[in-house]
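Input: a single structure, listed below in structure tokens.
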Amino acid sequence: MKRFEIELSDAQNRMLIARLNREFYKRCSPEAFYCKIDGATTVRELEAIAKKYGFCDIIDFSAFSPYSAKKIMRILTKALYRFPRIVGRINYVGSYKGYEELLRKLGEGDPECVRALGLQHIFSTENARELGALGLEICKELWACADVSLAAFVHLAGCCNGFLFDSTDYKDYAYFDTIATLRRNEQSGFHPKGCNTFESVAYHEIGHILDAVCNFTSSEAGKKFLERYSSEEVESGLSRYALTSPDELVAEAVSEAFSNSAPRKIASEVFAKLCEIYQNN
Ligand SMILES: [Zn+2]
2 MKRFEIELSD AQNRMLIARL NREFYKRCSP EAFYCKIDGA TTVRELEAIA KKYGFCDIID
62 FSAFSPYSAK KIMRILTKAL YRFPRIVGRI NYVGSYKGYE ELLRKLGEGD PECVRALGLQ
122 HIFSTENARE LGALGLEICK ELWACADVSL AAFVHLAGCC NGFLFDSTDY KDYAYFDTIA
182 TLRRNEQSGF HPKGCNTFES VAYHEIGHIL DAVCNFTSSE AGKKFLERYS SEEVESGLSR
242 YALTSPDELV AEAVSEAFSN SAPRKIASEV FAKLCEIYQN N
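By the count of this note's numbering, the sequence shown reaches residue 282 at its end, each step adding exactly one.
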């Protein structure tokens, strides 16, 4: 994966660190949020709620039905209340297409786009352009190799990360098809027990975000922690997909911890470790 590496001044660095470590500010109970979400009738109202309460820098539900957008909002609420610091890594929420459009604009140095992402005090216009161009390359690579499905998380220097969702309106047969595939993947052990819903795919992506916040798989201690599980144990006790890499193991564990009412041993242990690191950081 290509990386974004530029020299920053001390002041710019401080801004960047503050940005990455910001926290979601809880101003009401999560139940009050679910009420607001349920009461909204259009995607614009849902975007307004997300903007008002600072769920992310940019949210664009224009490609979604209110039904799908509400699902995404509930997932975000649950995750942000559990781990308020992940807000520092969620810059854009929307569709794959919308994200590419944003990156294209950033690549052109669009000042409105730079301001919306709050990058004006951290990067020069030239840096922002480079970031947009790099993001488009990363997307191209990802779309080509990964089985991009219901949701994806794109890490772009922590400054223009995308939490992306498939904007297909899951109605009727399309919905049944998707659910059937998710169930098959769960039953065959490709994905963890209990992970057969749109939400569980999103929680897998939240797992990647939490991993980044906790610096878990990127640290020696994290890698060592995961070495306690043999491939056979991971395959039978978590999922086949978790064998892909340590990052995927963590994401699958988080997905099971969120989705399964009685998460199994590996999911419970990995999730507990992440929670411990999150609390102590
Ligand atoms: Zn993943």
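Don't be surprised by glycine CBs; every beta carbon is placed ideally from N, CA and C. No experiment lies behind these values; they were computed from the predicted model shown.
**OP:** Please report how far the alpha carbon of residue 207 lies from the alpha carbon of residue 11, in whole angstroms.
**Re:** The sequence position of residue 207 within the sequence shown is 206, counting from 1. The sequence position of residue 11 within the sequence shown is 10, counting from 1. Put simply, the backbone Cα of residue 207 is about 31 Å away from that of residue 11.
Original post:
Counting Cβ pairs closer than 8 Å, one from the region 36-55 and one from the region 152-161, do we hit at least three?
Top reply: Segments in contact, no.
**OP:** For residue 1, count neighbouring Cβ atoms within 10 angstroms of its own Cβ and tell me buried if that reaches 16, exposed if not.
**Re:** Only positions 2 to 282 of the chain appear in this structure, which leaves residue 1 out of reach.
**OP:** Grab me the residues of residue 223's own chain with a C-beta within less than 7 Å of its C-beta, minus the 5 sequence neighbours each way, in chain order.
**Re:** Taking the sequence shown and counting its residues from 1, one reaches residue 223 at position 222. Non-local C-beta neighbours of residue 223 in its own chain, meaning closer than 7 Å and more than five positions away in sequence, comprise 217, ordered along the chain.
Original post:
Grouping DSSP H, G and I as helix and E and B as strand, with all else coil, what is residue 119?
Top reply: Numbered from its first residue, the sequence shown carries residue 119 at position 118. The answer is coil: DSSP assigns residue 119 none of H, G, I, E or B.
**OP:** With a threshold of 7 Å, establish whether the CB of residue 205 neighbours any heavy atom of ligand 1.
**Re:** Mapped onto the sequence shown, residue 205 falls at position 204. Yes; taking the cut-off as 7 Å, the Cβ of residue 205 has a heavy atom of ligand 1 nearer than that.
**OP:** Return the chain-ordered list of same chain residues with a C-beta closer than 6 Å to the C-beta of residue 241, the five sequence neighbours on each side being excluded.
**Re:** Mapped onto the sequence shown, residue 241 falls at position 240. The beta carbon of residue 241 is closer than 6 Å to those of 190, 191 in its chain, skipping five residues each way along the sequence.
Subject >> Beta-carbon spacing of residue 93, residue 59 below 8 Å >> reply: For the purposes of this step, residue 93 is taken as the residue at position 92 of the sequence shown. For the purposes of this step, residue 59 is taken as the residue at position 58 of the sequence shown. Against a cut-off of 8 Å, the Cβ pair of residue 59 and residue 93 comes out as a contact.
**OP:** With distances taken Cα to Cα, identify the nearest neighbour of residue 225 among 78, 271, 276, 19.
**Re:** The count along the sequence shown starts at 1 and reaches residue 225 at position 224. Nearest to residue 225 by alpha-carbon distance, out of 78, 271, 276, 19, is 271.
**OP:** Can you give me the Cβ contacts of residue 230 inside the same chain, cut-off strictly under 7 Å, excluding the 5 residues immediately before and after it?
**Re:** For this step, residue 230 is matched to residue 229 along the sequence shown. 267, listed in sequence order.
**OP:** Check residue 93 in the structure and name its three-state DSSP category.
**Re:** For the purposes of this step, residue 93 is taken as the residue at position 92 of the sequence shown. In this structure, residue 93 counts as strand in the three-state DSSP scheme.
Original post:
Can you name the start and end residues of the alpha helix (DSSP H) that residue 163 belongs to?
Top reply: Start at 1 with the first residue of the sequence shown, and residue 163 comes out as number 162. In the DSSP assignment, residue 163 falls outside any alpha helix (DSSP H) and within the unbroken beta strand (DSSP E) covering 163-166.
Subject >> Proximity test, residue 252 beta-carbon vs ligand 1 heavy atom, cut-off 7 Å >> reply: Within the sequence shown, numbered from 1, the residue matching residue 252 stands at position 251. Within the cutoff, so yes.
Original post:
For the beta strand (DSSP E) that residue 191 lies in, which residues bound it at each end?
Top reply: Translated into positions along the sequence shown, residue 191 becomes position 190. Counting along the chain, residue 191 falls outside any beta strand (DSSP E), and DSSP gives it neither H nor E.
Subject >> Cβ-heavy atom distance, residue 156 to ligand 1, below 7 Å >> reply: Sequence index remark: in the sequence shown, residue 156 carries index 155 (1-based). Not under cutoff, so the answer is no.
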